[in-house]
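> Here's a structure for you.
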Amino acid sequence: MKSTLRMIALLSAVSALTCASVSAQQSATYISAEDIQANVNGAPNAATNPSPNIRVVNEGNYNVAVGVLHRPETPPGVAAMHHLVSEVYHVMDGSATLVTGGKIVDLKERPADTKSVRLEDGPSASGPSIQGGVTQHIKKGDVVIIPADVPHWFSKINGSITYVVVRYDPTRVLAPK
């Protein structure tokens, strides 16, 4: 119940911020389906794409990053927790088992100079898995909101999964591009 209320509060805040920025800005940022597909095609069999964020836009009080990730069926990847950046996943294709919440096993902070910290998620921690948490099967069309500091992990990928990720960065740790 508490996590559901946190997600509703985050979604409400995101909606309010989006509405405020739309009224304040002079133009919108457009990301085409071709841009998204080109990013997926950049590394079709990799666990992450070479350029995880297609765009990072300064919206005044925060940055918004949009990327797309394709994860092939491999042994489970690492569990992650991003300290400052919240994420919204929209599954374009495939399915997986996603675990959120709980506690990351053998939690280690990611070094500040790693590519994922500098270009993708900002300050983060990771580990091999999650203990506890909520397990959810996600599939094409589903949307998942992951607030900052919430552990998340694909414990199983069924074939592959491709998803658009929108990152809300209130401290602007991600540089606009």
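Numbering-wise, numbering that gives the first Met the number 0 puts 144 at position 145 of the sequence shown, and it's gapless, one number per residue. For every residue, glycine included, the Cβ atom is placed at its ideal position computed from N, Cα and C.
#1: Tell me where the alpha helix (DSSP H) around residue 35 begins and ends.
#2: Could you have a look at residue 120 and say whether DSSP puts it in helix, strand or coil?
#3: Below 8 Å between beta carbons: does that hold for residue 159 and residue 75?
#4: State the DSSP-derived secondary structure class of residue 26, mapped to helix, strand or coil.
#5: For residue 173 and residue 55, I'd like the C-alpha separation in whole angstroms.
#6: Could you tell me the alpha carbon to alpha carbon distance between residue 97 and residue 62, rounded to whole angstroms?
#7: Any idea if residue 86 is buried or exposed, counting beta-carbon neighbours within 10 angstroms, 16 or more meaning buried?
#8: Straight-line CA distance for residue 60 to residue 162?
#9: Return the bridge partner residues of residue 162 from the DSSP annotation.
#10: Where does the unbroken beta strand (DSSP E) through residue 54 begin, and where does it stop?
#11: Is residue 142 near residue 89, with beta carbons less than 8 Å apart?
#12: How long is the line joining the alpha carbons of residue 164 and residue 136, rounded to whole angstroms?
#13: Compute the distance between the beta-carbons of residue 72 and residue 145, then report whether it is under 8 Å.
#14: Taking the alpha carbon of residue 32 as the point to measure from, which residue in 78, 84, 91 has its own alpha carbon closest?
#15: Considering only the beta carbon of each residue, do residue 132 and residue 105 sit closer than 8 Å?
#16: Out of 37, 65, 81, state which residue places its alpha-carbon closest to the alpha-carbon of residue 28.
#17: Taking the C-alpha atoms as reference points, what is the distance between residue 176 and residue 168?
To lay it out plainly:
#1: Run containing residue 35: 32-40, per the alpha helix (DSSP H) assignment.
#2: Residue 120: helix per DSSP, three-state reduction.
#3: Not a contact, by the Cβ cut-off of 8 Å.
#4: Coil at residue 26, not helix or strand.
#5: One C-alpha to the other measures close to 7 Å.
#6: One Cα belongs to residue 97, the other to residue 62, and the distance between them is close to 26 Å.
#7: Residue 86 should be labelled buried.
#8: Their backbone Cα atoms lie some 26 Å apart in a straight line.
#9: Answer is 68, 90.
#10: Segment 52-57, the beta strand (DSSP E) holding residue 54.
#11: With contacts defined by Cβ atoms closer than 8 Å, residue 142 and residue 89 form a contacting pair.
#12: Using only the alpha carbons, I get a separation of about 17 Å.
#13: Taking 8 Å as the Cβ cut-off, residue 72 and residue 145 do not qualify as a contacting pair.
#14: Per the Cα distances, 91.
#15: Contact flag unset, no.
#16: Put simply, of 37, 65, 81 the residue whose alpha carbon is nearest the alpha carbon of residue 28 is 65.
#17: One C-alpha to the other measures close to 14 Å.
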